[in-house]
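Trainee: Be aware that the sequence shown starts at 1236, since it is given in the numbering used here, and climbs by one per residue. Where is the CB? At the ideal position from N, CA and C, for every residue including glycine.
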Amino acid sequence: MKSNPYKDRGFVPGDYSKENYNKIDLHRPYVDDIILVSPTGRPMRRETDLIDVWFDSGSMPYAQIHYPFENKELLDSGAAYPADFIAEGVDQTRGWFFTLHAIAGMVFDSIAFKSVISNGLVLDKNGDKMSKRLGNAVDPFATIEKFGSDPLRWYMIANSAPWDNLKFNPDGVTEVSRKLFSTLYNTYSFFALYANVDGFDPDAAMIPVSKRPEIDRWIISLLNTLVKESQEALDDLEPTRAARAINDFVIDNLSNWYVRLNRKRFWGGTMDDDKLSAYQTLYTCLLTVARLMAPIAPFYSDMLYRDLTGDSEASVHLADYPEPVAADIDPALEERMAIAQRVTSMVLALRRKINIKVRQPLTAIMVPAVDDAQRHALEQMRDLILGEVNVKELRIVGNDEGILVKKVKPDFKKLGPKLGKQMQAAAAVLQNLDNKQISTFEKDGFFSISLPDGTDARIELGDVEILSEDIPGWLVANDGNLTVALDVTLTPELKLEGIARDIINRIQNIRKSRDYDITDRIRLTFEPNAEIDQAISVFGDYIARQVLAESVDSAPLADSGEIELLDIDGIEARVLITLNK
């Protein structure tokens, strides 16, 4: 090289302007004109044969521990290699994933990693690729600042499997924050409020699970089933399944069912075994949930764990991941409670259908049992169901008694791919099944029919919808093999009880708005009103117990700023509420 070609072209080192760099080209063949000189005076030229630069990244397992110059035994013994798990984007299938294995195979006759999650892409809410040019890119730091990192992380894990593309919608993060994290916070706050009042000691001797009330044994059973499912899901590298299971447990079972059904146990006076069992059960659930969710929500779970243990130096991340206690799992109890939850949900939906609120008592529910097991479950859950839906009587009848007229509605979207041209013929057969045949269908979970071409078809219960016709004065709902009929006739006696329950609800809200202590007792004086007076005369003691009232009276009231005006289902009621000092 007689001279420096770049200097000849006027290139100025240190000048990073576009104009300066436009004077030269570093690509082939021009770069081959450059010959450098080594410290020993030998010429240095471009290397003509290059390996893919991804092989540099493929050397990561060895380079990170400076093998073989250091830590040789650590790698050769298998303690640090192959990796148990790696994760990268799907675009690395032919890059990093491949070169890791290629080098491992060539040098060590081994694999480089045992398992891998190949991440999908984060798209906008419409499924389009995010782009600053299109204006649909989401700033991750602004999103974390707005929602917090844990709700964002939970949304991304629970919304879709990591290997699937995610349609990112900020509204989804808001929903996760509101439904899961706020619900869990409110559940903990409820526990902490009463635990502090009663001086609950989490280190006190535990009441054996077998000696606790059925509702406690149920949630403990469900908790251990959750631990088992979460552990299996994470071991199978399916965090989405684990996150969804934890989410359902907290919202549907712990908060909306267990805590709601057991509030009165925490309100009780003395710390007897029943109250202690309730505290220990809820404490165990909250502490276990904190440990279960730690891999996905590390900050929130750590805070919850420290609040529960009372140790500011403790960390959930130093605790062991929960192990299921097989002896505490009762599948039959879980199934019974699931039936109770389904019946409750169906009855409440029927109430909403005709705008009858839950505080208004009704006379009866009728459920045709498809088999002895369902009948037994309904019998055992009778009191719980009636209390939840505010109905006086549960009538369990035989599924083949013909009280309810049922019809089968084929789901053509499911039957079409299964039966093809025979679908219409199969639909005609299904639509003409009588009550007895439908009863068998519901009991067995499937029904076999003969098709015109001489073949038999097995129709699953999920391939159809079982419909029941309403009967006069009743509303009917179906969910799989479960049918519920609700008597919606309101008698004068039921209306009075509904008024009493409305009064309780309004007074409790006023107690809360006035910031009364949970132990404060009050006196109620209502201005005379025919319907209110009737309700007080019949249900006065019940009202007093529910709102902690020393007395519930009816007497003329002078105008005063202390008088509260209540709207009781269209009835205007004036009441004076005073603290009993």
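Extract the residue ranges of the alpha helix (DSSP H) inside the stretch 1347 to 1423, only unbroken runs of 4 or more that lie entirely within it.
Mentor: Complete alpha helix (DSSP H) runs here, min 4: 1375 to 1382, 1384 to 1394 and 1405 to 1411.
Trainee: Quick check on R1277: does DSSP put it in helix, strand or coil?
Mentor: Taking the sequence shown and counting its residues from 1, the one referred to as residue 1277 is at position 42. Correct three-state label for R1277: coil.
Trainee: How about S1294: is its C-beta nearer than 8 Å to some C-beta of chain C?
Mentor: The displayed structure is made up of one protein chain only, and chain C is not part of it.
Trainee: Evaluate contact between the stretch 1450 to 1468 and the stretch 1418 to 1426, counting only Cβ atoms and requiring at least three cross-stretch pairs below 8 Å.
Mentor: With the cut-off at 8 Å, the stretch 1450 to 1468 and the stretch 1418 to 1426 do not touch.
Trainee: Buried or exposed: where does N1590 fall if 16 or more other Cβ atoms within 10 Å of its Cβ makes it buried?
Mentor: Walking along the sequence shown from the start, residue 1590 turns up at place 355. Burial call: exposed.
Trainee: Ignore the nearest five residues each way along the sequence and tell me which others in G1362's own chain have a CB closer than 7 Å to its CB.
Mentor: The residue labelled residue 1362 in the question sits at position 127 within the sequence shown. Counting only Cβ-Cβ distances below 7 Å, and skipping sequence neighbours, we find K1402.
Trainee: Measure the beta-carbon distance from V1593 to I1620 and round it to whole angstroms, keeping in mind my assumption that it falls under 8 Å.
Mentor: Here residue 1593 is taken as the residue at index 358 of the sequence shown, counted from 1. Here residue 1620 is taken as the residue at index 385 of the sequence shown, counted from 1. With 8 Å as the limit, V1593 and I1620 do not qualify as a contact, their Cβ atoms being about 13 Å apart.
Trainee: What three-state label does DSSP hand T1760 in the structure shown?
Mentor: As a first step, residue 1760 must be located in the sequence shown, where it is residue number 525. If DSSP states are grouped into helix, strand and coil, T1760 belongs with the strands.
Trainee: Give me the residue from Q1615, F1382 and F1320 with the minimum Cα distance to D1406.
Mentor: Mapped onto the sequence shown, residue 1406 falls at position 171. Taking only the C-alpha atoms, the option nearest D1406 is F1382.
Trainee: Nearest by alpha-carbon distance to N1404: which of F1416, K1641 and A1372 is it?
Mentor: For this step, residue 1404 is matched to residue 169 along the sequence shown. Taking only the C-alpha atoms, the option nearest N1404 is A1372.
Trainee: Using the Cα positions of E1628 and Q1672, report the straight-line distance between them to the nearest angstrom.
Mentor: Position 393 of the sequence shown, counting from 1, holds the residue named residue 1628. Position 437 of the sequence shown, counting from 1, holds the residue named residue 1672. Each residue's Cα considered, the two are about 28 Å apart.
Trainee: Taking DSSP as the reference, what is the three-state secondary structure of E1785?
Mentor: Position 550 of the sequence shown, counting from 1, holds the residue named residue 1785. It is a strand residue.
Trainee: Apply the 10 Å Cβ neighbour rule to I1259 and answer buried if 16 or more other Cβ atoms are within range, or exposed otherwise.
Mentor: What you label residue 1259 is simply residue 24 of the sequence shown in a count that begins at 1. Exposed.
Trainee: Mapping the DSSP letters down to three states, classify V1851 as helix, strand or coil.
Mentor: Residue 1851 lies beyond the stretch modelled for the chain, which goes from 1236 to 1816, so this question has no answer here.
Trainee: Can the beta-carbon of T1523 be found closer than 8 Å to that of D1451?
Mentor: By 1-based counting over the sequence shown, the position of residue 1523 is 288. By 1-based counting over the sequence shown, the position of residue 1451 is 216. No, Cβ-Cβ distance for T1523 and D1451 is not below 8 Å.
Trainee: Return helix, strand or coil for R1244, following the three-state DSSP convention.
Mentor: For this step, residue 1244 is matched to residue 9 along the sequence shown. In this structure, R1244 counts as coil in the three-state DSSP scheme.
Trainee: Return the Cβ separation of D1646 and E1700 in integer angstroms, given the expectation that the two are a contact with Cβ distance under 8 Å.
Mentor: Along the sequence shown, one-based indexing puts residue 1646 at 411. Along the sequence shown, one-based indexing puts residue 1700 at 465. D1646 to E1700, Cβ: 6 Å. Contact.
Trainee: Alpha carbon to alpha carbon, how far is V1605 from E1704?
Mentor: Here residue 1605 is taken as the residue at index 370 of the sequence shown, counted from 1. Here residue 1704 is taken as the residue at index 469 of the sequence shown, counted from 1. Those two C-alpha atoms are separated by around 17 Å.
Trainee: Are there 16 or more other CB atoms within 10 angstroms of the CB of N1815, so buried, or fewer, so exposed?
Mentor: The residue you call residue 1815 lines up with position 580 of the sequence shown. It counts as exposed.
Trainee: When DSSP labels each residue in this structure, what does S1683 get in the three-state scheme?
Mentor: For the purposes of this step, residue 1683 is taken as residue 448 along the sequence shown, with counting starting at 1. Residue state, collapsed to three classes: strand.
Trainee: For T1760 and L1710, I'd like the C-alpha separation in whole angstroms.
Mentor: Counted from its first residue, the sequence shown places residue 1760 at position 525. Counted from its first residue, the sequence shown places residue 1710 at position 475. Approximately 39 Å between the Cα atoms of the pair.
Trainee: Helix, strand or coil for V1640, going by three-state DSSP, please let me know.
Mentor: Taking the sequence shown and counting its residues from 1, the one referred to as residue 1640 is at position 405. In this structure, V1640 counts as coil in the three-state DSSP scheme.
Trainee: Please state whether DSSP places E1467 in a helix, a strand or coil.
Mentor: As a first step, residue 1467 must be located in the sequence shown, where it is residue number 232. Helix.
Trainee: So, using beta-carbon positions, are A1477 and S1465 closer together than 8 Å?
Mentor: Walking along the sequence shown from the start, residue 1477 turns up at place 242. Walking along the sequence shown from the start, residue 1465 turns up at place 230. Contact flag set, yes.
Trainee: Beta-carbon within less than 8 Å of L1543's beta-carbon, same chain only, minus the 5 sequence neighbours each way: which residues are those?
Mentor: Residue mapping note: residue 1543 aligns to position 308 of the sequence shown, counting from 1. For L1543, where only same-chain residues beyond five positions count, the Cβ hits under 8 Å are Y1423, P1437, Y1518, L1521, L1522 and A1525.
Trainee: Just the C-alpha distance for P1317 and W1331, rounded to the nearest angstrom, thanks.
Mentor: The count along the sequence shown starts at 1 and reaches residue 1317 at position 82. The count along the sequence shown starts at 1 and reaches residue 1331 at position 96. The alpha-carbon atoms of P1317 and W1331 are separated by roughly 15 Å.
Trainee: Could you spell out where the alpha helix (DSSP H) holding K1237 opens and where it closes?
Mentor: In the sequence shown, the residue the question calls residue 1237 occupies position 2. Per DSSP, K1237 belongs to no alpha helix (DSSP H) and is neither H nor E.
Trainee: Using 8 Å as the threshold, is the stretch 1716 to 1735 in touch with the stretch 1595 to 1615, meaning 3 or more CB pairs across them?
Mentor: Touching, per the Cβ criterion.
Trainee: For A1322, which of E1473, A1584 and A1790 has the nearest alpha-carbon?
Mentor: On the sequence shown, position 87 is the one that residue 1322 refers to. Ranking E1473, A1584 and A1790 by Cα distance to A1322 puts E1473 first.
Trainee: Is the separation between the beta-carbon of I1771 and that of V1782 shorter than 8 Å?
Mentor: As a first step, residue 1771 must be located in the sequence shown, where it is residue number 536. As a first step, residue 1782 must be located in the sequence shown, where it is residue number 547. No, these two residues do not count as a Cβ contact at 8 Å.
Trainee: Where DSSP assigns a beta bridge to D1691, which residues make up the other side?
Mentor: Here residue 1691 corresponds to residue number 456 of the sequence shown, with the count starting at 1. Per DSSP, S1685.
Trainee: Can you list, in chain order, the residues of its chain whose CB lies under 6 Å from that of T1754, leaving out five sequence neighbours each side?
Mentor: Translated into positions along the sequence shown, residue 1754 becomes position 519. If we look at T1754 and ignore the five residues flanking it on each side, it has no Cβ neighbours.
Trainee: In whole angstroms, give me the CA-to-CA distance for P1791 and D1546.
Mentor: The count along the sequence shown starts at 1 and reaches residue 1791 at position 556. The count along the sequence shown starts at 1 and reaches residue 1546 at position 311. Spanning the two alpha carbons is a distance of roughly 56 Å.
Trainee: Can you list, in chain order, the residues of its chain whose CB lies under 7 Å from that of M1506, leaving out five sequence neighbours each side?
Mentor: One-based indexing of the sequence shown puts residue 1506 at position 271. Once the five neighbours on either side are set aside, the close Cβ partners of M1506 are D1433.
Trainee: When DSSP labels each residue in this structure, what does R1809 get in the three-state scheme?
Mentor: Taking the first residue of the sequence shown as 1, we reach residue 1809 at position 574. Looking at R1809 - three-state DSSP - the assignment turns out to be strand.
Trainee: What does a CB cutoff of less than 8 Å around L1702 pick up in its chain, not counting 5 residues either side in sequence?
Mentor: For the purposes of this step, residue 1702 is taken as the residue at position 467 of the sequence shown. Only K1641, K1642, V1643, K1644 and N1713 meet the Cβ criterion.
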